[in-house]
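A short worksheet on the structure shown next.
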Amino acid sequence: MLDRSKEQKHTLMLIQKKREEMCLYGKKYGLCATETINSSQDLDELLNEYYRLYQSQEDIKNNYTPHKISWIIYQKQEQYSTQ
Numbered sequence: 001m002l003d004r005s006k007e008q009k010h011t012l013m014l015i016q017k018k019r020e021e022m023c024l025y026g027k028k029y030g031l032c033a034t035e036t037i038n039s040s041q042d043l044d045e046l047l048n049e050y051y052r053l054y055q056s057q058e059d060i061k062n063n064y065t066p067h068k069i070s071w072i073i074y075q076k077q078e079q080y081s082t083q
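Read in order, the letters of the sequence shown are residues 1 to 83 in the UniProt record's numbering.
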């Protein structure tokens with residue numbers, strides 16, 4: 001079984017791939033297309049899973065929400081892709 005750090009990185013990778021897929025579907029089929037909506041719902045599930053598994057007590061104290069965590073993940077991915 002993967003250790004926690006590797007699991008977390010794997011989950012982040014899945015989130016990023018799903019986000020890219022959703023954006024691709026949105027551009028190709030439109031934002032209201034079934035493919036885009038299904039991909040968005042899958043992304044929501046992954047983000048919720050990430051939030052449940054990796055939210056620390058510090059995050060709870062700071063009142064981080066999945067939306068805020070998602071934005072942080074997105075910003076980190078953007079930093080890596082521009083390097």
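Virtual Cβ for every residue (Gly too), placed ideally from N, Cα, C.
- Using a Cβ distance threshold of 8 Å, residue 18 and residue 46 count as a contacting pair.
- Distance from the CA atom of residue 41 to the CA atom of residue 9, rounded to whole angstroms, is 21 Å.
- Counting along the chain, residue 12 sits inside the alpha helix (DSSP H) bounded by residues 4 to 29.
- For residue 55, the three-state secondary structure derived from DSSP is coil.
- Taking a 10 Å sphere around the C-beta of residue 13, we find fewer than 16 other C-beta atoms and assign the residue as exposed.
- Straight-line spacing of the CA atoms in residue 15 and residue 32 works out to 21 Å.
- By the CB criterion at 8 Å, residue 11 and residue 50 fall inside the cutoff.
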